[in-house]
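J.: Quick one: the structure is below, questions incoming.
Protein chains in written order, with this note's numbering: chain S, 300 to 412; chain L, 1337 to 1444.
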């Protein structure tokens, strides 16, 4: 089966610009998660979708971040406007059921200059 | 919420050496995963191990859920083992909590 895919793999933008990250989960996985690792620190949970519904968005840092999963398939994470502290690696993961293994994508490395 | 602590934070090994990485968690977990983040930033799933012991080549992992810890063993380390090793605890809900990671560097 195809794994979790993320686009783009790298993005370099200027402070104040907008960036949209995309994640395609493994087919059939209802659960989709976004995580990020900022400044070499630990990997932090951002939010969780079950199909198209946001199950938990307690990790979203502020209202500059907007995640969507229209139709319950792929998901996008938009950062608008981007700030310097948003630089890091953004990971997407999917799982089949609650508690089942997380399968991660290769991440998107975001650099805000 | 649950706390996940990993030790040591940094580890330098000579190629061929063995090592043990530890993950402690503060509360009961439904499951536990070990990941390797390679130098290219990719997160590779190593083990999904709620309890007991699993082995995959030179790597093995043991989770003792009743004592709230898990160990990752690396034998005959190679330079390609370098990177950051994360453990992640699955709680009763959907949230997965990561430890801060162990940064491993294997010298040739």
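Beta carbons are placed, not taken as given, at the ideal position from N, Cα and C, and that holds for glycine.
In the stretch 1377-1440 of chain L, which residue ranges form an unbroken beta strand (DSSP E) of at least 3 residues, counting only runs that do not cross its ends?
T.: 1379-1384, 1388-1392, 1395-1400, 1405-1410, 1419-1426 and 1432-1434
J.: Assuming residue 1340 of chain L and residue 1419 of chain L make a contact with CB atoms under 8 Å, what is their CB distance in whole Å?
T.: As a position in the second chain, residue 1340 of chain L is number 4, starting the count at 1. As a position in the second chain, residue 1419 of chain L is number 83, starting the count at 1. Incorrect: roughly 18 Å between the Cβ atoms, too far for contact.
J.: Spell out the partners DSSP gives residue 399 of chain S in its beta bridges.
T.: Against the first chain, residue 399 of chain S aligns to sequence position 100. Under DSSP, residue 399 of chain S shares a beta bridge with no residue.
J.: Return helix, strand or coil for residue 387 of chain S, following the three-state DSSP convention.
T.: Residue mapping note: residue 387 of chain S aligns to position 88 of the first chain, counting from 1. Note: residue 387 of chain S maps to strand in three-state DSSP.
J.: At a cut of 8 Å, does the stretch 1348-1362 of chain L reach the stretch 1400-1419 of chain L through at least three beta carbon pairs?
T.: yes
J.: Looking at chain L, which residues of the stretch 306-330 of chain S have a Cβ within less than 8 Å of any of its Cβ atoms?
T.: So the close ones are 330.
J.: Just how far apart, CA to CA, sit residue 313 of chain S and residue 357 of chain S?
T.: On the first chain, position 14 is the one that residue 313 of chain S refers to. On the first chain, position 58 is the one that residue 357 of chain S refers to. Roughly 27 Å separates the two Cα atoms.
J.: Taking a Cβ distance cut-off of 7 Å, strictly less, list which residues of the stretch 1380-1392 of chain L are near chain S, in chain order.
T.: So the list reads 1381 and 1384, given in the order they occur along the chain.
J.: Which first and last residues belong to the beta strand (DSSP E) in which residue 309 of chain S is found?
T.: Counting from one through the first chain, the residue named residue 309 of chain S turns up at place 10. Note, residue 309 of chain S: beta strand (DSSP E), 309-312.
J.: Report yes or no: do three or more beta-carbon pairs, one from the stretch 327-338 of chain S and one from the stretch 1354-1364 of chain L, lie closer than 8 Å?
T.: Note that the stretch 327-338 of chain S does not touch the stretch 1354-1364 of chain L; fewer than 3 beta-carbon pairs, one per stretch, sit closer than 8 Å.
J.: Say whether the stretch 394-404 of chain S touches the stretch 369-382 of chain S, bearing in mind that this needs 3 or more beta-carbon pairs closer than 8 Å, one atom from each stretch.
T.: Short answer: they don't touch.
J.: DSSP puts residue 1372 of chain L in a beta bridge; with which residues?
T.: Here the question's residue 1372 of chain L lines up with position 36 in the second chain. Looking at the DSSP assignment, residue 1372 of chain L forms a beta bridge with L:1380 and L:1421.
J.: Please list, in chain order, the chain L residues whose beta carbon lies closer than 7 Å to that of residue 398 of chain S.
T.: Residue 398 of chain S sits at position 99 when you count from the first residue of the first chain. Ordered by position in chain L, the residues that pass the 7 Å Cβ test against residue 398 of chain S are 1366, 1367 and 1426.
J.: What is the DSSP secondary structure of residue 319 of chain S, counted as helix, strand or coil?
T.: Along the first chain, read from residue 1 onward, the residue named residue 319 of chain S stands at position 20. Residue state, collapsed to three classes: strand.
J.: To the nearest angstrom, how far is the alpha carbon of residue 1347 of chain L from that of residue 1421 of chain L?
T.: Translated into the one-based positions of the second chain, residue 1347 of chain L becomes position 11. Translated into the one-based positions of the second chain, residue 1421 of chain L becomes position 85. Going by the C-alpha atoms only, they are around 11 Å apart.
J.: Tell me whether residue 411 of chain S counts as near the ligand FAD, meaning its Cβ is closer than 7 Å to at least one heavy atom of that ligand.
T.: Although the ligand FAD was asked about, the structure shown includes no ligands whatsoever.
J.: With DSSP collapsed to three states, give me the class of residue 304 of chain S.
T.: To locate residue 304 of chain S, count along the first chain from 1; it is residue 5. Note: residue 304 of chain S maps to strand in three-state DSSP.
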